[in-house]
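See below for the structure under consideration.
Protein chains: 2
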Amino acid sequence: MTGIVDVAARAGVSVATVSRALRGLPGVSAATRQLVQDIAAELGYVASPSAAGLPTGRTGAVAVVSPIARGWYFTAVLEGAQEVLAQHGYDVLRYDLSEVETNRRKVFDTQLLRKRADGLLIMSLPLDADEVAALHAMHRPVMVVGPIVPGIPTIRVDDVEVGRQATRHLVELGHRSVAFAGGDPDDHLGFPVSPDRRLGYAEVLREAGVEPDPRLTVPAKFTVEAGIAAYEELASRDVRPTALFAVSDEVAMGVMYAARQRGVRVPEDLSVIGVDDHDMSWLFGLSTVAQDVREEGRLAAMALVERLRSGIDTEPSITTVPTELIARTSTAPPR
Amino acid sequence: MTGIVDVAARAGVSVATVSRALRGLPGVSAATRQLVQDIAAELGYVASPSAAGLPTGRTGAVAVVSPIARGWYFTAVLEGAQEVLAQHGYDVLRYDLSEVETNRRKVFDTQLLRKRADGLLIMSLPLDADEVAALHAMHRPVMVVGPIVPGIPTIRVDDVEVGRQATRHLVELGHRSVAFAGGDPDDHLGFPVSPDRRLGYAEVLREAGVEPDPRLTVPAKFTVEAGIAAYEELASRDVRPTALFAVSDEVAMGVMYAARQRGVRVPEDLSVIGVDDHDMSWLFGLSTVAQDVREEGRLAAMALVERLRSGIDTEPSITTVPTELIARTSTAPPR
DNA sequence: CTGAAAGCGCTTACAG
DNA sequence: CTGAAAGCGCTTACAG
């Protein structure tokens, strides 16, 4: 392992000069800097993050935390974030909270994370008050992608508007009996995504002179399986909507699957629209309200890097990324 | 930040004793160990990885490298690996090589990675001789998931057998005119996955008395788009196979999509089978040769942890994970 | 512009 | 079983 002393010896300068030259600090003559850089390159020298981190307290890594390890949404955010973070020389430390409570505690352990990462990127995670407090106690810059968390800068989409866009599309096609699949009855933390999307849905329906029918709302978490269950639940009720707005594309895929299993044609008998523009949605001809999730990851990472660089903790800001209706073949006028 | 001296002071022992007590080293009385553990817990003390890493040369992190950031396969391997790694207290450092050559060099930079991670998990990446050499020069345990790399332990599936299983299913259904979609004409590193699967395909066909027809093989990388292009290419040729074996489920999905666009029914006019059992495959009723990708990630991580713990570098071994045919509704006897 | 030296927070022989 | 001390490889005031 080549160390800083090897470079210094070879260049005939002190290790202090090597350190300064390589990190672009002022107070090094152009000639010396060039010499040191050349020798470092020749020797393939890279400073050890451990050693550099001890005196500075910086790790050179950013922790990216998601509720579960996989899922289209999380990997897309991660991809965008990783791209930016890598460009700026940060390592990406990956954590997920799927391993029950123990992992969750670990991630919100002030000391643990503080000693491992310079900053934190949290995806779409409902946080309780203790966890928010722990994050602040960390004294590290934190960014959230998804829900608004008090006191923490957020990159998000306007979920009420998402609900409006989806429902408006259906209403404009002529639908008046529109179901909504979304909302997690097990959520006790008040995760606002589904409720907000439903708010936009109800608002647009009322504008069209339709009072939302509670029997047309069925709960669904963000999975294909939940979409199937949601459709089954709906079919078991005494209602026959002509359209359905699903809280995510994966839910919409489940709904389409279950509907077709029962011989209900999409879009002839039932129009279906989702949210996200999941990688696979176009394959299903699924109409959707698209969000640019990679871009959300990128923006969050850029903001984080900015705060890491400047050392200034700006006011917690909320950046709203626009969403866009994409009409495909899963929606059509009612017959 | 609570440091080891704080714990030592509070416990009335030396930092050496704290260090030993907390890491479970021998030579500490039960009573002292208990006392130190209690105080550490009370203070929320965690050793700084940077500080611990300096004297030991260990980072406590494992780097997980994939060719691209996303994709069902890579995230599934990562999920399995991360589960095991987290259980054993290792941090996961995530690298991907999508950022062109510069990133690739970075990852194979002996010094850089060596100073950041204790071990390396490489996914499905064709490596050239220089890269393999760099990996060895790193003197860190390396595991590969996917292709066999000389001198490096591998977790893999038997791709020739995969080809056999898929083709045998089609042949047993009665198909004799079977197409193959797979193989990347741009690959100059001899990535063996597609060729091996095609080998199994050809073998089973010959056993059934059918000489593989070169016109029935169309190239396709591992994407849905490639599957669409592959079907288009096939349709443009003067052949009408009754079945198609796609090198992956995503390719198969593209083939099914393109076929249906042209009014070709699956499975009535064309049986389609893929490989992987992708999360979404059941939604398409896609028959497939399933591999347990999470398990591959888990096994690789377990082997890596084992080598990290023992410090013994065992002989490079090759572990083959079994694959299994899942027949769904995309395959049927020819009409 | 440059260097000598202290110090970051741990681990690990070495002594006792 | 326990502690004092050296040392890991850097960075950063402080001096010159």
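Residue numbers (UniProt numbering), protein chains in the order written: chain G, 1 to 335; chain Y, 1 to 335. Each residue gets a CB set at the ideal place from its N, CA and C atoms; glycine is no exception.
Interface annotation, G/R10: not in contact with chain Y, CB-CB separation never under 8 angstroms. Contact annotation: the segment 306-319 of chain Y does not touch the segment 282-291 of chain G, with fewer than three C-beta pairs closer than 8 angstroms. Around G/V84, the same chain offers R298, A301, M302 and V305 as residues with beta carbons nearer than 7 angstroms, after the five sequence neighbours per side are excluded.
Each residue's CA atom was taken as its position, placing Y/R94 and Y/P67 some 11 angstroms apart. Assigned with DSSP and collapsed to three states, Y/I228 falls in helix.
In terms of beta-carbon proximity, Y/K221 stays away from the interface with chain G, with every pair separated by 8 angstroms or more. The Cβ atoms of G/L121 and G/A81 sit closer than 8 angstroms to each other. Between Y/S48 and chain G, the shortest Cβ-Cβ separation is below 8 angstroms. Look at G/D130 here: in three-state DSSP terms it is helix.
Y/A30 carries a helical assignment under DSSP once its states are collapsed to helix, strand and coil. For Y/Y201, the enclosing alpha helix (DSSP H) starts and ends at V193 to E207. Cα atoms of Y/F222 and Y/V247: separation of roughly 7 angstroms, rounded to the nearest angstrom. Under a criterion of Cβ atoms nearer than 8 angstroms, the residues of chain G adjacent to Y/Q111 are, in order, M1, T2, G44, Y45 and V46. Counting the other Cβ atoms within 10 Å of the Cβ of G/S48 gives 16 or more, which makes it buried. Nearest Cα to Y/A202 within the set Y/Q165, Y/A63, Y/Q34 and Y/M123: Y/Q165. The shortest CA-to-CA distance from Y/T217 to any of Y/P26, Y/V239 and Y/V264 is the one to Y/V239.
Using a Cβ-Cβ distance cut-off of 8 angstroms, the segment 130-139 of chain G and the segment 205-212 of chain G are not in contact, since fewer than three pairs of beta carbons, one from each stretch, lie closer than that value. For G/T75, the chain Y residues whose Cβ falls inside 7 angstroms of its Cβ are R70 and T75, in order along the chain. Within 9 angstroms of the CB of G/E79, the CB atoms of chain Y belong to I68, A69, R70, D96 and S98, in sequence order along the chain. The beta carbon of Y/S330 lies closer than 6 angstroms to those of V266, P267, V272, G285, L286 and S287 in the same chain, with the five residues before and after it left out. Residues of the segment 248-267 of chain Y with a Cβ closer than 7 angstroms to any Cβ of chain G, in chain order: M253 and Y257.
Membership of Y/E268 in any beta strand (DSSP E) is not indicated, and neither H nor E is assigned to it by DSSP. Pairing G/A252 with G/F245, the inter-Cα distance amounts to about 8 angstroms. Residue environment for Y/D196: buried (at least 16 other C-beta atoms within 10 angstroms of its C-beta). Residue burial is scored here from C-beta neighbours: G/T154 has at least 16 other C-beta atoms within 10 angstroms and is therefore classed as buried. Pairing Y/A63 with Y/R116 gives a Cβ-Cβ distance under 8 angstroms.
By the rule that beta-carbons nearer than 8 angstroms mark a contact, Y/V224 touches chain G. Around Y/G53, the beta-carbon contacts reaching into chain G at under 7 angstroms are S50. In this structure, the CA atom of G/P334 is about 56 angstroms from the CA atom of G/R114. For Y/Q111 against G/Y45, the beta-carbon gap comes to about 7 angstroms, under 8 angstroms, which counts as contact. Within a 10 Å sphere around the beta-carbon of Y/L170 sit 16 or more other beta-carbons, which makes this residue buried.
With respect to chain Y, the C-beta atom of G/Q82 has a partner C-beta closer than 8 angstroms. CA-to-CA, the gap between Y/G263 and Y/E232 works out to about 13 angstroms. Within the segment 280-302 of chain G, contact with chain Y at the beta-carbon level (separation under 8 angstroms) is assigned to M280 and L283. No Cβ-Cβ contact shorter than 8 angstroms links G/A243 with G/A230. Any Cβ of chain G closer than 8 angstroms to the Cβ of Y/R20 would place that residue at the interface, and such an atom is absent.
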